[in-house]
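Trainee: Numbering (my numbering), first residue to last: 389 to 774. Just so it is clear, CB atoms sit at the ideal spot from N, CA and C, and this is done for glycine as well. Being a predicted model, the structure only gives us computed values, none of them experimental. Below is a structure I'd like to ask you about.
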Ligand code: XIL
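This is the structure:
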């Protein structure tokens with residue numbers, strides 16, 4: 389009984405010391421330093437050479453974090469980005485909920501917001517295998533019926549925006565993620581993904597979607613968009629081969645650009661691989677975009693959460709460097725006339741889809757309180773060549 393109190397008192401002393409009460413000696417249990425406050429960059433997009441778009445994916449429609457009902461998010465978008473992408477509400481399940489019904493109200497409201505702020509819009513996405521409406525997923529028909537269904541879908545959506553707000557949706561992701569990640573037949577290129585589109589129409593669905601989109605809006609830039617194009621050489625090879633076939637078609641397929649989603653981590657893919665993949669895409673002569681940039685700091689290559697429970701100053705500095713290096717590599721690799729721009733996939737960390745997999749992630753340029761992170765300075769310095 390008598391011994392207990394001194395033992396508890398000693399324990400408390402030990403704990404207090406370990407928790408950094410002494411001001412941050414290198415003890416293993418010391419709380420890591422959070423990132424220091426960062427000075428805001430006045431206008432990120434104004435730093436971009438040659439008016440290259442600097443974009444951001446925004447939540448809208450019924451989302452609780454919709455940019456249309458959030459002042460702090462609007463402030464960030466208005467200040468820093470010249471282009472927006474709907475994070476979800478311009479996907480097939482939102483725009484084309486029934487076989488004979490389209491729903492444009494939420495997208496139109498977002499477009500009106502973009503117009504009011506002088507922003508352009510990148511359209512995402514016409515043809516994908518995810519976020520499909522149930523009726524489309526369950527569609528049955530012969531190849532002609534599938535083709536008609538797809539062409540109507542692409543034509544109606546592209547035409548809607550081109551007619552309602554000419555020149556605002558300046559580009560589209562026409563086809564997203566059509567290739568697999570592994571080169572099953574070992575020919576140096578990954579294969580076409582087994583989707584409803586491939587099954588219903590065959591490999592020509594991609595060219596057909598591009599032709600249909602071009603006929604609906606001659607002025608919009610049309611992109612093929614995918615992830616890991618910088619990390620899986622066989623996947624990039626498949627896309628470059630497709631582009632080559634499009635160019636050599638007797639009736640060339642109207643593709644304007646290649647979109648690199650660029651959902652990356654601090655160390656994968658290595659920056660040299662990112663630089664060479666961007667350069668290889670630019671060598672096609674097409675435009676090149678970084679379309680969905682985010683940088684995870686606490687997720688391993690298998691997708692497992694890492695040990696961090698808060699973003700530390702040291703890791704935030706690594707993320708700053710990573711943003712800098714990617715932006716800089718893009719500007720080095722892609723000639724000015726071919727720059728479709730760089731877009732980040734979300735406004736603030738609290739919005740990031742990477743948190744679905746790991747709540748302890750901080751992949752974006754602004755923190756949960758909508759304050760600028762070191763990553764913002766890294767992006768800015770990448771743009772200005774600092
Ligand atoms: C994601 C959104 O960020 C999430 O909110 C949604 O639940 C799933 O889709 N590649 C794409 C984007 O092309 O459309 C995805 O967006 C992220 C991966």
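(1) Please report the straight-line C-alpha distance between residue 527 and residue 737, rounded to a whole angstrom.
(2) Kindly list the residues whose CB is nearer than 6 Å to the CB of residue 391, restricted to its own chain and excluding five residues on each side of it in sequence; keep chain order.
(3) Three or more C-beta pairs closer than 8 Å, one from the segment 468-483 and one from the segment 495-513: is that the case here?
(4) Along the chain, where does the alpha helix (DSSP H) that runs through residue 662 open and close?
(5) When you compare only the Cα positions, how much space is there between residue 431 and residue 518?
(6) Under 8 Å by Cβ, that's how I've got residue 714 and residue 662 pegged, so tell me the actual separation to the nearest angstrom.
(7) Report the three-state DSSP secondary structure of residue 534 (helix, strand or coil).
(8) Under a Cβ-count criterion, where at least 16 other Cβ atoms within 10 Å of its own Cβ denotes burial, should residue 529 be classed as buried or exposed?
(9) Would you kindly check if the distance between the Cβ of residue 460 and the Cβ of residue 524 is under 8 Å?
(10) Taking 8 Å as the cut-off, decide whether the C-beta atoms of residue 762 and residue 420 are in contact.
(11) In its own chain, which residues sit with a C-beta less than 8 Å from the C-beta of residue 466, not counting the 5 before and 5 after it?
(12) Along the chain, where does the alpha helix (DSSP H) that runs through residue 454 open and close?
(13) So what's residue 474 in DSSP terms, helix, strand or just coil?
(14) Flag this pair as yes or no: are the beta carbons of residue 596 and residue 559 separated by less than 8 Å?
(15) How about residue 562: is its Cβ closer than 7 Å to a heavy atom in the ligand XIL?
(16) The ligand XIL and residue 476: does any heavy atom of the ligand fall closer than 7 Å to the residue's C-beta?
(17) Does the pairing of the segment 570-580 with the segment 536-551 give three or more beta-carbon distances under 8 Å?
(18) Alpha carbon to alpha carbon, how far is residue 735 from residue 752? Give it in angstroms, no decimals.
(19) Could you give the DSSP three-state label for residue 730: helix, strand or coil?
(20) Would residue 626 and residue 438 be called neighbours here (beta carbons separated by less than 8 Å)?
(21) Nearest to residue 685 by alpha carbon, out of 586, 709, 520 and 549?
(22) Put residue 445 into one of helix, strand or coil per three-state DSSP.
(23) Helix or strand or just coil, what does DSSP make of residue 692?
(24) Taking 7 Å as the cut-off, is the C-beta of residue 732 nearer than that to any heavy atom in the ligand XIL?
(25) Report all residues from its chain with a CB closer than 6 Å to the CB of residue 644; omit the five preceding and five following residues, and keep chain order.
(26) Going along the chain, which residues of its own chain have a beta-carbon closer than 8 Å to the beta-carbon of residue 520, five neighbours each way excluded?
(27) Could you tell me whether the Cβ atoms of residue 562 and residue 612 are closer together than 8 Å?
(28) Specify the secondary structure class of residue 592 as computed by DSSP and reduced to three states.
(29) Mind checking whether the beta-carbon of residue 683 lies closer than 7 Å to any heavy atom of the ligand XIL?
(30) By Cβ distance, which residues of its chain are closer than 6 Å to residue 770, with the 5 residues on each side in sequence left out?
(31) Under 7 Å: does the beta carbon of residue 513 sit that close to some heavy atom of the ligand XIL?
(32) Hey, is residue 741 close to the ligand XIL, as in C-beta under 7 Å from one of its heavy atoms?
(33) Tell me the rounded alpha-carbon separation between residue 755 and residue 515.
(34) Tell me which same chain residues have a C-beta within less than 7 Å of the C-beta of residue 622, skipping the five on either side of it?
(35) Which residues in the same chain as residue 703 place their Cβ atom closer than 7 Å to its Cβ, once the five residues preceding and following it in sequence are excluded?
(36) Within the continuous beta strand (DSSP E) that includes residue 508, where are the two ends?
Mentor: Quick look at the numbers:
(1) 37 Å
(2) Model confidence at residue 391 stands at a pLDDT of 39, short of 50, so the residue's coordinates are unreliable; what they give is reported in the following sentence. No residues qualify anywhere along the chain.
(3) yes
(4) 659-670
(5) 34 Å
(6) 6 Å
(7) helix
(8) exposed
(9) no
(10) no
(11) 505
(12) Segment: none, residue 454 is in no alpha helix (DSSP H) and carries neither H nor E.
(13) strand
(14) no
(15) no
(16) yes
(17) no
(18) 7 Å
(19) strand
(20) no
(21) 709
(22) strand
(23) coil
(24) no
(25) 609, 610 and 675
(26) 480, 481 and 584
(27) yes
(28) coil
(29) no
(30) 712, 715 and 716
(31) yes
(32) yes
(33) 32 Å
(34) 571, 576, 577 and 578
(35) 685 and 696
(36) 508-515
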